[in-house]
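Taking my numbering, the leading residue of the sequence shown gets 4, the next gets one more, and so forth. We put the beta carbon where it would ideally sit given N, CA and C, even for glycine.
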Amino acid sequence: MQLDLSGRTALVTGSTQGIGYSIAQGLARAGARVAINGRTAERAEEAVRQIRQDVPGAEVITAAADVTTEDGTAGLLEALPQVDVLVNNLGIFGAQPAMEITDDDWRRYFEVNVLAGLRLTRAYLPGMVERGWGRIQYIASDSAVVIPAEMIHYGMSKTALLAASRGFAKEAAGTGVTVNSVIAGPTHTGGVEKFVYEMVDSSLPWDQAQRQFMREHRPQSLLQRLIEPEEIANMVVYLASPLASATTGAAVRVDGGYVDSIVP
Ligand SMILES: NC(=O)c1ccc[n+]([C@@H]2O[C@H](COP(=O)([O-])OP(=O)(O)OC[C@H]3O[C@@H](n4cnc5c(N)ncnc54)[C@H](OP(=O)(O)O)[C@@H]3O)[C@@H](O)[C@H]2O)c1
Numbered sequence: 004m005q006l007d008l009s010g011r012t013a014l015v016t017g018s019t020q021g022i023g024y025s026i027a028q029g030l031a032r033a034g035a036r037v038a039i040n041g042r043t044a045e046r047a048e049e050a051v052r053q054i055r056q057d058v059p060g061a062e063v064i065t066a067a068a069d070v071t072t073e074d075g076t077a078g079l080l081e082a083l084p085q086v087d088v089l090v091n092n093l094g095i096f097g098a099q100p101a102m103e104i105t106d107d108d109w110r111r112y113f114e115v116n117v118l119a120g121l122r123l124t125r126a127y128l129p130g131m132v133e134r135g136w137g138r139i140q141y142i143a144s145d146s147a148v149v150i151p152a153e154m155i156h157y158g159m160s161k162t163a164l165l166a167a168s169r170g171f172a173k174e175a176a177g178t179g180v181t182v183n184s185v186i187a188g189p190t191h192t193g194g195v196e197k198f199v200y201e202m203v204d205s206s207l208p209w210d211q212a213q214r215q216f217m218r219e220h221r222p223q224s225l226l227q228r229l230i231e232p233e234e235i236a237n238m239v240v241y242l243a244s245p246l247a248s249a250t251t252g253a254a255v256r257v258d259g260g261y262v263d264s265i266v267p
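Encoded structure:
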């Protein structure tokens with residue numbers, strides 16, 4: 004399969020590191036012009052520099068903005084009024100006992116993990132519809148389906164993304180614009196690696212450490228190792244490509260079989 008996104012502009016929110024960075028890199032490799040987003044210009048510039056080094060000829064630009072605020076989003080839209088591919092990747096997570104999640108915490112998780120993406124969808128979808136082509140994706144999580152007892156607020160926000168993407172896919176029906184969510188499973192990012200070493204013997208080499216972690220703490224994973232960010236990116240780049248034209252309104256899993264379901 005040739006995933007060719009040349010001539011398309013893509014925005015990936017929260018792409019200075021982690022899964023977002025790998026998605027941006029994958030889209031650039033497929034020929035898209037990619038806007039890197041994070042809260043500061045310095046971090047965005049560093050990611051741009053890194054991608055240019057890894058992907059010779061990559062067309063990458065910075066789009067630093069705090070997309071969780073109306074002002075930040077307005078600034079971003081001024082700098083980047085039109086995109087063909089929008090990947091709503093930005094998301095925060097953290098453990099908190101259920102009864103200690105305050106109103107402010109619930110609001111914050113909704114505003115960062117859900118509303119930021121909804122606002123950008125509202126801004127970019129009409130242009131995509133007008134041009135007759137577009138791709139919108141939300142990076143959800145296994146926690147959208149298997150709600151973790153220690154992260155109900157996070158699970159709630161990811162379930163909301165599944166609902167929103169299905170709904171916006173209906174809004175875009177028949178237009179050439181697809182809207183999907185990707186259910187990412189436990190992934191090997193910097194934050195997760197630190198977490199793994201807090202849970203298992205910190206002297207173990209990484210491969211053994213992650214396998215012990217998965218065996219003891221994530222036994223339902225069929226992969227039995229963490230997912231690499233590039234493996235999430237592969238699905239996102241495919242869904243962004245012209246080849247995925249018949250997939251819309253879907254929640255596509257890259258969860259290593261974590262969600263125990265035969266329904267995709
Ligand atoms: N890691 C996992 O195991 C896992 C599993 C399933 C789903 N997911 C989902 O995948 C997505 C990415 O997760 P990750 O672990 O790769 O994230 P991460 O490593 O924590 O990276 C977060 C990114 O978001 C940016 N960011 C934070 N606040 C921002 C704001 N207000 N405005 C703009 N950018 C902001 C950060 O950039 P700056 O610091 O430069 O601002 C950074 O690039 C999230 O939606 C997460 O829920 C992750």
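Inset, instruction - Decide if residue 225 is buried, meaning its Cβ has at least 16 other Cβ atoms within 10 Å, or exposed. - result: Along the sequence shown, read from residue 1 onward, the residue named residue 225 stands at position 222. It counts as exposed.
Inset, instruction - Closer than 7 Å by C-beta to residue 199: which residues in its own chain qualify, once you throw out the five before and the five after it? Chain order, please. - result: Taking the first residue of the sequence shown as position 1, residue 199 is located at position 196. Around residue 199: 212, 213, 216.
Inset, instruction - With residue 26 as the anchor, note down where its alpha helix (DSSP H) starts and where it stops. - result: Position 23 of the sequence shown, counted from the start, is the residue given in the question as residue 26. Unbroken alpha helix (DSSP H) run through residue 26: 21 to 32.
Inset, instruction - Answer yes if the region 113 to 128 comes into contact with the region 138 to 149, meaning at least three C-beta pairs across the two stretches below 8 Å, and no otherwise. - result: yes
Legend entry - Ordered list of alpha helix (DSSP H) runs contained in the region 74 to 120, each at least 4 residues: 106 to 113
Legend entry - Whole-number beta carbon distance between residue 143 and residue 104, since they are thought to touch under 8 Å: Reading the sequence shown from its first residue, position 101 is the one you call residue 104. Reading the sequence shown from its first residue, position 140 is the one you call residue 143. That belief does not hold up - the Cβ atoms of residue 104 and residue 143 are roughly 19 Å apart, past 8 Å.
Inset, instruction - Measure the alpha-carbon distance for residue 5 versus residue 157 and round it to whole angstroms. - result: Counting from 1 along the sequence shown, the entry for residue 5 is found at position 2. Counting from 1 along the sequence shown, the entry for residue 157 is found at position 154. Going from the Cα of residue 5 to the Cα of residue 157 covers about 35 Å.
Inset, instruction - Give the DSSP-derived three-state secondary structure of residue 40 in the structure shown. - result: Here residue 40 refers to the residue found at position 37 when the sequence shown is read from its first residue. Note: residue 40 maps to coil in three-state DSSP.
Inset, instruction - Taking residue 63 and residue 31 to be in contact with their CB atoms under 8 Å, please state how far apart those CB atoms are, rounded to whole angstroms. - result: Residue numbering aside, residue 63 sits at position 60 when the sequence shown is read from its first letter. Residue numbering aside, residue 31 sits at position 28 when the sequence shown is read from its first letter. Going by Cβ atoms, the distance from residue 63 to residue 31 rounds to 6 Å, so yes, they are a contact pair.
Legend entry - Beta-carbon proximity of residue 116 to residue 160, cut-off 8 Å: For the purposes of this step, residue 116 is taken as residue 113 along the sequence shown, with counting starting at 1. For the purposes of this step, residue 160 is taken as residue 157 along the sequence shown, with counting starting at 1. Cβ distance < 8 Å, so residue 116 and residue 160 count as in contact.
Legend entry - Continuous beta strand (DSSP E) assignments of at least 3 residues falling wholly in the region 134 to 175: 137 to 144
Legend entry - the region 96 to 113 in contact with the region 166 to 173 per 3-pair CB rule at 8 Å: no
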